[in-house]
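First comes the structure, then the notes that go with it.
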Ligand code: C2E
Ligand code: MG
Ligand code: MG
Ligand code: MG
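Numbering (full-length UniProt numbering), first residue to last: 279 to 559.
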């Protein structure tokens, strides 16, 4: 196996039962270098009020401006980063960059709430909350302009640490969202105990709502539960107008997806129409 590693730079090992994970060590080293040389970028995808369609914040999404390979989507480098400590340094950068951008927008007169994806390993560190609060102070951005998005898996892999950190963040005014809801294993019974402001229904449910009555029913149930717990509901991956209209009718609060706006570089955000150029129903 070592011989193979030297040849290809790919390490393979078995984690847990039968999941074979591969990490491209050469690319990971290159990513660490790219991060330190300023090659990472954030693009921002708007979230829209489901009824008025007005823009109501953006989600920061990381990209790697690779000198040879071009602009790389996170799917090509985040999984490796998440299996190493590179993810911690990367997340520090994402938080600093996104909040710096929020401060720039604010100074230019734009009130743009920003959502940032936080991996489980980041929140499991004792320094996570102090670091986030320090960046907010440094940039003089009010805490309620920041939403942190975490996945169900994050909550379940480190339930105690993560719940405590989230509770502390909320106490300071930061908003908390559960990302990709429906793809993990959160028991519905756990939901009332989680300190959460927002549920983001995963794209896999949204794209199937018109051809699968079961998926549509699940969406309705998630909306009902979230509402009864005082949470907002976001639908991600909205790719067409009938889907957007039905989600709005079903009671979803915010819409995100290519139908409304794609992720764009920061300089494009203030130029986007406050309402997308689609017929609002
Ligand atoms: P996510 O947080 O669920 O982000 C939404 C993803 O769906 C983004 O992909 C976005 O471009 C894509 N998307 C939005 N609307 C549509 C649509 O209508 N159709 C389709 N097919 N896709 C849509 P992206 O930017 O490639 O990011 C993928 C995932 O990588 C994110 O999923 C998130 O889990 C992770 N990620 C992205 N940026 C960061 C980051 O800064 N830190 C961490 N830890 N994770 C990140
Ligand atoms: Mg997200
Ligand atoms: Mg999401
Ligand atoms: Mg998703």
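Glycine included, every Cβ here is placed at the ideal spot set by N, Cα and C. Quick caveat, the model's predicted, so the values are computed rather than measured.
Exercise for review: Measure the CB-CB distance between residue 537 and residue 516 and report whether it falls below 7 Å.
Suggested key: In this structure, residue 516 lies closer than 7 Å to residue 537 by Cβ.
Point to revise | Of the residues 349, 540, 510 and 457, the one placed nearest residue 327, counting alpha carbons only | key: Ranking 349, 540, 510 and 457 by Cα distance to residue 327 puts 510 first.
Check your understanding: Mind pulling the alpha helix (DSSP H) runs of 4 or more residues that sit fully within the stretch 374-410?
Key -> The stretch 374-410 contains these whole alpha helix (DSSP H) runs: 398-401.
Exercise for review: State the start and end residues of the unbroken beta strand (DSSP E) segment that holds residue 321.
Suggested key: Counting along the chain, residue 321 sits inside the beta strand (DSSP E) bounded by residues 318-327.
Practice item. Compute the Euclidean distance between the alpha carbons of residue 378 and residue 425, then round it to the nearest angstrom. Key: Roughly 15 Å separates the two Cα atoms.
Check your understanding: How should residue 540 be labelled, buried or exposed, when 16 other C-beta atoms within 10 angstroms of its C-beta is the threshold for buried?
Key -> It is exposed - the Cβ of residue 540 has fewer than 16 other Cβ atoms within 10 Å.
Exercise for review: Find out if the Cβ-Cβ distance for the pair residue 478, residue 455 is shorter than 7 Å.
Suggested key: In this structure, residue 455 lies closer than 7 Å to residue 478 by Cβ.
Check your understanding: Is residue 419 near ligand 1, judged by its Cβ being under 6 Å from some heavy atom?
Key -> Checking the 6 Å criterion, the Cβ of residue 419 is out of range of every heavy atom belonging to ligand 1.
Exercise for review: Tell me whether residue 458 sits in a helix, a strand or coil according to DSSP, three-state version.
Suggested key: In the displayed model, residue 458 falls within a strand according to three-state DSSP.
**Study point:** Element boundaries [alpha helix (DSSP H), containing residue 306]
**Key:** It spans 303-314 - the alpha helix (DSSP H) in which residue 306 sits, taken as one unbroken run.
Review point. Are there three or more Cβ pairs, one per stretch, closer than 8 Å when the stretch 469-485 is compared with the stretch 409-421?
Key: Taking a cut-off of 8 Å on C-beta distances, the stretch 469-485 does not touch the stretch 409-421, as fewer than three cross pairs fall below it.
Practice item. Please list, in chain order, all residues of the same chain as residue 362 whose beta carbon is under 8 Å from its beta carbon, the five residues on each side excluded. Key: Taking residue 362 as the centre and dropping the five residues before and after it, the same chain places the C-beta of 301 and 306 closer than 8 Å to its C-beta, in chain order.
Practice item. Just confirm the distance between the C-beta atoms of residue 369 and residue 322, as a whole number of angstroms; I'd bet it's less than 8 Å. Key: The pair is not a contact, with the Cβ atoms about 17 Å apart (cut-off 8 Å).
**Study point:** Nearest-angstrom Cα separation, counted from residue 525 out to residue 412
**Key:** Residue 412 and residue 525 have their C-alpha atoms spaced approximately 37 Å apart.
**Study point:** C-alpha distance - residue 316 paired with residue 344, whole-angstrom precision
**Key:** Computed Cα separation, rounded: 10 Å.
Review point. Starting from residue 474 and walking both ways along the beta strand (DSSP E), at which residues does that stretch end?
Key: Where residue 474 is concerned, there is no enclosing beta strand (DSSP E), because DSSP gives it neither an H nor an E.
**Study point:** Contact test: residue 457 Cβ vs ligand 2 heavy atom, cutoff 6 Å
**Key:** Yes.
Review point. What did DSSP end up calling residue 339 once you bin it into helix, strand or coil?
Key: Here DSSP, grouped into helix, strand and coil, assigns residue 339 to strand.
Review point. My guess is that residue 392 and residue 336 are in contact by the Cβ rule of under 8 Å, so how many angstroms apart are they, rounded?
Key: About 6 Å separates the two Cβ atoms, so the contact holds.
Exercise for review: Any chance you could list the beta strand (DSSP E) runs of at least 3 consecutive residues sitting entirely within the stretch 464-517, in chain order?
Suggested key: The qualifying runs are 476-479 and 510-513.
Check your understanding: Is there at least one non-hydrogen atom of ligand 3 closer than 6 Å to the beta-carbon of residue 476?
Key -> Checking the Cβ of residue 476 against ligand 3 gives no.
**Study point:** Per DSSP, cross-strand counterpart(s) of residue 348
**Key:** Under DSSP, residue 348 shares a beta bridge with 344.
Exercise for review: Would you check whether ligand 2 has a heavy atom nearer than 6 Å to the C-beta of residue 395?
Suggested key: Within the cutoff, so yes.
Point to revise | Contained alpha helix (DSSP H) runs [length at least 4] in the stretch 417-445, N- to C-terminal order | key: DSSP runs (the alpha helix (DSSP H)) wholly in the stretch 417-445: 430-435.
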